[in-house]
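Peer 1:
Numbering (my numbering), first residue to last: 126 to 956.
1. Roughly how far, in whole angstroms, is the beta-carbon of residue 452 from the beta-carbon of residue 515, given that I think they are within contact range, below 8 Å?
2. For a quick check, are the C-beta atoms of residue 846 and residue 886 less than 8 Å apart?
3. Decide if residue 620 is buried, meaning its Cβ has at least 16 other Cβ atoms within 10 Å, or exposed.
4. Take residue 753 and list the residues in its own chain whose beta-carbon comes closer than 6 Å to its own, dropping the five residues that flank it on each side.
5. By how many angstroms is the C-alpha of residue 487 removed from the C-alpha of residue 161?
6. Is the stretch 547–560 touching the stretch 522–529 in the sense that three or more CB pairs, one from each, lie closer than 8 Å?
7. Looking only at its own chain, which residues have a Cβ that is under 6 Å from the Cβ of residue 496, when we skip the five neighbours before and after it?
8. Counting Cβ pairs, one atom from each stretch, are 3 or more of them under 8 Å apart for the stretch 246–258 and the stretch 618–632?
9. Pop quiz: residue 195 and residue 243 are said to be a contact at Cβ under 8 Å. What is the actual Cβ separation, rounded to whole angstroms?
10. Can you have a look at residue 797 and say buried or exposed, based on whether 16 or more other CB atoms are within 10 angstroms of its CB?
11. Ignore the nearest five residues each way along the sequence and tell me which others in residue 331's own chain have a CB closer than 6 Å to its CB.
12. Assign residue 587 to one of three DSSP states: helix, strand, or coil.
13. To the nearest angstrom, how far is the alpha carbon of residue 284 from that of residue 661?
14. Here's the rule: buried if 16 or more other CB atoms are within 10 angstroms of the residue's CB, otherwise exposed. What is residue 592?
15. Can you name, in chain order, every residue of its own chain whose Cβ lies under 6 Å from the Cβ of residue 318, other than the five neighbours on each side?
16. Note down, in chain order, each residue of its chain lying with its Cβ closer than 8 Å to the Cβ of residue 631, except the 5 sequence neighbours on either side.
17. By Cβ distance below 8 Å, which residues in the same chain neighbour residue 816 in space, the five residues on each side in sequence not counted?
18. Once DSSP output is grouped into helix, strand and coil, what is the label at residue 136?
19. Taking C-beta to C-beta, are residue 538 and residue 382 nearer than 8 Å?
20. Which residue wins for smallest C-alpha separation from residue 577, given the options 604, 528, 584?
21. Please return the same chain residues whose Cβ sits closer than 8 Å to the Cβ of residue 881, not counting the five positions on each side in sequence.
22. DSSP beta-bridge partners for residue 522?
23. Could you tell me which residues DSSP pairs with residue 233 in its beta bridges?
24. Could you please give the first and the last residue of the uninterrupted beta strand (DSSP E) stretch that includes residue 777?
25. So, with DSSP's three-state summary, where would you put residue 803?
26. When you compare the stretch 211–218 with the stretch 154–169, are there three or more beta-carbon pairs, one atom per stretch, that lie closer than 8 Å?
27. Residue 209 by DSSP, collapsed to three states: which one?
28. Following the continuous beta strand (DSSP E) through residue 837, name the residue where it begins and the one where it ends.
29. Touching or not, the stretch 407–414 and the stretch 462–473, by the rule of three or more beta carbon pairs under 8 Å?
30. Below 7 Å, is the gap between the Cβ of residue 672 and the nearest heavy atom of the ligand SAM?
31. Please list the segments of the beta strand (DSSP E) lying wholly inside the stretch 232–319, counting only runs of 3 or more residues, in order along the chain.
32. Among 237, 220, 625, 128, which residue has its Cα nearest to the Cα of residue 297?
33. Can you tell me which of 710, 827, 749, 610 puts its alpha carbon nearest to the alpha carbon of residue 801?
34. Residue 437: buried (16+ other C-beta within 10 angstroms of its C-beta) or exposed?
35. Which residue from 658, 517, 142, 579 puts its Cα closest to that of residue 553?
36. Specify the secondary structure class of residue 733 as computed by DSSP and reduced to three states.
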């Protein structure tokens, strides 16, 4: 056993670093976080200085045991988890566990930080060990405690007032508010009509177009003309005044510089990978993690290709700058290298704990050289990072913009613009993607023919175009990350988890790569905005992030910060739990009156989603209900659309002497004949499906059910069934395994009973997908009951003991599942 133990987070990184450090080191992985708050109330105790109760994470228990075993015989222990707040906390947790187990006596325990996984960086880091940074640990614990307290106290309020199973996150909720408020802006938007007028000029050397800038002696603005008749009248006046040609009145030429964007931070990498590569934030971080941890590169062996990918910093090390400048000179010429390196200002006060931007560990490794060693995602992301880092150290691009003013008579003016690149500078390598093109870039690449004042330019034609203003666009992943960063909400390491949580909780859905809030998401957001306004306020959330950063810098204590937050928050939770009416919380809407019954029609949010209702609970007859269709929202549905929902269930006709109908149930739209139900396919609409299609789906379902049962046994509930993952046995409550070497159809009743005893486990669901079992005949049931009564007491006792043991096992399993899940304990945690 090696005399030194070094602990990192991932096994891939452990494998790479082990090669660099040699035989004196054992390198083990913690596989991420090793402990978390116990998943129940009281894990954070505000009455005891916010003391936090931790427990080992089940899936990582074996890795902790391996670390403890190696620590027992090691002389020196090095904690080399990731160089950020979370990594510092993981190191602290490992140290605490080793201390509790009495494994640190007479041993050195040191913290080392690797911002890149290369032999040089590892060697340098090992020469600069330090102790665990308690300020960073305090900041991480404060964040975790805040997320836990918000989750465990606010989520139950949502369960009571909105819908069961919901959660509220400290950072997730303001992000959801952004999406919902944007949707409300879109719905409230009223399009305005406007018209533009353009001249198509037939210059001898090159035709071009010019836009109208002055009409009847006045500046032509967006809403100067708002209808077609006025536009046509204006066009006729201009044509008459022009007399077949426009006269050049002014030519202006302006040279400008465009500077490169800074190297990537976590946020800008996520945005750019979304815009240019179509990657989600989680995909970007997953691919970047692999590039950071190490890739096998031919003779070099395994090496990290990029620096650490969780950072707010735009700084580059002196060595990186020097190497990038050498690469620029080599590949693009010395004129592409600025006299001095380009330095960029970090927006974040804290700039995370990794003090460099995301960059290639060696700019000498060009994308072309490493491409064959990477998968497609890795190749594309590495190329993006390499190009951005190289471009940021190149000279600005020099552009020349020419603007030409042209007159049509004395009262009307047009303008044409074109921009040409004189020196591409950094544009030879990289240009930043944009969600929307800036006005100054619209004419880029467009070249105008040479013209001078007094010149007459023949006019081909003048045309008018109708336009309508457009609502603000929904957020894409890139624009949402940008907005979160601009408001100072969350930190780069949490953006991917925030977005994943919003989708997992079904608070928002991606539609054409844009976020659209669901009715549940809107209800949650409106409830929180209306009743917990302060806690979803952008400025409040950003200020809290600043205070957490201050804790990480040692400028503020974490317990007073927690106390300041907790008192007012807890008081508000208690008050709203009692005072808020549920209908108000879910956003129920009255739409009007049903013309048939004269009863009110409303839309509400129920346990299984939004639904329409005719009547009220106070009516003599019970209200009738109908689920909203996919794509419908309770916030935009009309009275007519809601009434149309009550056409279900629809009777389609008869088949085999039984009525066939379609409807929508708990699990979606279905067709029904007699007692047989069949789910409709994605392409089927319950409002338009015909009898033939419904019968086909029912027949298909029956055929599957027939083929599902391989063998049944008279007088027993146990069946041999075909399942998704192969044959198995089931009695409707327990599922059992069949040995691979046994032919399922040949099993006897005795064999399946024995297999059920040995391998039977509780079914995960309620048996919704299990095959139907034939009911035992009455004449067989009575003797069975009689025999059971006559069974010896010893046998009965044995059966009772067996049941108790099974119950105990099931209880343990349930406890374990709950322990792992902890849904309300803070959805903003990045682990």
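Built from N, CA and C at the ideal position, the CB exists for glycine as well.
Values in this document were obtained by computation on a predicted structure and should not be read as measured data.
Peer 2: For this structure:
1. 6 Å
2. no
3. buried
4. 735
5. 37 Å
6. yes
7. 504
8. no
9. The pair is not a contact, with the Cβ atoms about 25 Å apart (cut-off 8 Å).
10. buried
11. 574
12. strand
13. 18 Å
14. exposed
15. 351, 593
16. 643, 645, 646
17. 777, 778, 780, 785
18. helix
19. no
20. 528
21. 843, 854, 856, 859, 861
22. 383
23. 201
24. 775–780
25. strand
26. yes
27. coil
28. 834–837
29. no
30. Looking for the ligand SAM in the displayed structure turns up nothing, as the structure carries no ligands at all.
31. 233–236
32. 625
33. 827
34. buried
35. 517
36. coil
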